[in-house]
Structure formats: C-alpha cells, structure tokens
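Taking it in order: structure first as structure tokens, then the write-up.
In the working numbering, the protein residues as written are 21 to 94.
Here's what the structure looks like:
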C-alpha cells in the first residue's frame with residue numbers, strides 16, 4: 021500500500037537546464053494569479069450577460085489578455 025506522500029523521485033525540483041524554468045519563479049506565479057482572477061471576473065461577466073456574441077467577444081479578449089500577461093518575450 022502506497023502512502024499519500026510522494027516519493028523523493030516524484031518531487032519536482034527545478035533544473036537549471038529546463039526550458040520551462042520560468043514557471044517556477046515567483047514573478048510567474050504572481051502573473052498566473054492575475055490571469056486566474058481575470059478569468060474569474062470575465063466568467064462572472066459572461067454569466068451576468070449570457071448573450072452569445074458578448075460571451076464570445078469577452079472570451080476571446082480574455083484569452084488575448086491572458087497570453088499577453090504570461091508572455092515573456094519582451
């Protein structure tokens with residue numbers, strides 16, 4: 021029977037050679053929090069106004085903002 025705690029080999033430790041090392045940084049975690057709150061707010065807005073054109077426009081705009089916030093090319 022396996023315990024609920026992960027084995028030492030299953031624990032994710034950031035490796036300096038990873039391409040996605042930025043996902044472990046504090047700055048990226050804060051940005052993910054902003055994106056999460058943005059999606060919560062926009063989905064509440066979509067629930068308040070359930071018109072298909074409005075929902076599509078808000079959903080696409082929120083997707084654009086999410087990618088722009090999380091993008092780190094600049």
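Every residue, glycine too, gets a C-beta built ideally from N, C-alpha and C.
Integer-rounded CB distance, given that residue j should sit under 8 Å from residue i
| i | j | result |
| --- | --- | --- |
| residue 89 | residue 56 | About 11 Å separates the two Cβ atoms, so there is no contact after all. |
Own chain residues within Cβ distance below 8 Å of residue i, not counting five before or after
| i | result |
| --- | --- |
| residue 59 | 82 and 86 |
Residue i in three-state terms, based on DSSP
| i | result |
| --- | --- |
| residue 83 | helix |
| residue 74 | helix |
Endpoints, the alpha helix (DSSP H) within which residue i is located
| i | result |
| --- | --- |
| residue 63 | 46–68 |
Contact set for residue i: own chain, Cβ-Cβ below 7 Å, skip 5 residues either direction
| i | result |
| --- | --- |
| residue 68 | none |
| residue 65 | 78 |
Closest Cα partner of residue i within the set the options
| i | options | result |
| --- | --- | --- |
| residue 91 | 71, 61 and 40 | 40 |
Chain-order list of residues whose beta-carbon lies under 6 Å from that of residue i (same chain, five-residue window excluded)
| i | result |
| --- | --- |
| residue 61 | none |
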